[in-house]
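Chemist: With numbering that gives the first Met the number 0, letter number 86 in the sequence shown gets 85, and the count goes up by one each step, no holes.
Below is one structure. I have some questions about it.
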Amino acid sequence: MSPIVQLYWIRVALGLVAALLSAIVAFYIGASADGLSVFVDTLTIALIVYLGSYYPLRAMYKDKVEKPSKILSTAIFMYFMVWLPFMVLFYTTIRVYF
């Protein structure tokens, strides 16, 4: 598997992790805040996870990719396209069972 494909799948997995964290935070602060601030808080968590993963991934892949900027931009769209529906799914599941 090429380094770009590995980065892609790592970002998909991180999107799932960020979705779970966002859903947990939304569940705990959702009752005391309005809908827009909950969405902004969950989006902030997703951005923190994405940008926080950049430094470890850069250390792992800086010699394996042709341009260092590819490490930051690889699979950014897919990350958020995984994060959003799974955050809704996890949040709904948490709301139903707790």
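Don't be surprised by glycine CBs; every beta carbon is placed ideally from N, CA and C.
In this text, all values refer to a predicted model and were calculated from it rather than measured experimentally.
Are the Cβ atoms of Y53 and R10 separated by less than 8 Å?
Modeler: Looking up residue 53 in the sequence shown gives position 54. Looking up residue 10 in the sequence shown gives position 11. No, they are not a contact pair.
Chemist: Buried or exposed: which applies to Y27, given that a residue is buried once 16 or more other Cβ atoms fall within 10 Å of its Cβ?
Modeler: The sequence position of residue 27 within the sequence shown is 28, counting from 1. Exposed, because fewer than 16 other Cβ atoms sit within 10 Å of the Cβ of Y27.
Chemist: Excluding the 5 residues preceding and the 5 following P2 in the sequence, name in chain order all residues of the same chain whose CB lies nearer than 7 Å to its CB.
Modeler: To locate residue 2, count along the sequence shown from 1; it is residue 3. The answer, listed in chain order, is Y60, K63 and V64.
Chemist: Identify every run of the alpha helix (DSSP H) within the region 18 to 78, keeping only runs that are complete inside it and at least 4 residues long; order them along the chain.
Modeler: Those alpha helix (DSSP H) runs which fall completely within the region 18 to 78 and span 4+ residues are 34 to 60 and 68 to 72.
Chemist: Can you tell me whether M80 is helix, strand or coil according to DSSP?
Modeler: Locating residue 80 in the sequence shown gives position 81, where the first residue counts as 1. M80 falls in the helix class under three-state DSSP.
Chemist: For V16, which residues of its own chain have a beta-carbon under 8 Å away from its beta-carbon, when the five flanking residues on both sides are left out?
Modeler: Position 17 of the sequence shown, counting from 1, holds the residue named residue 16. Around V16: V48.
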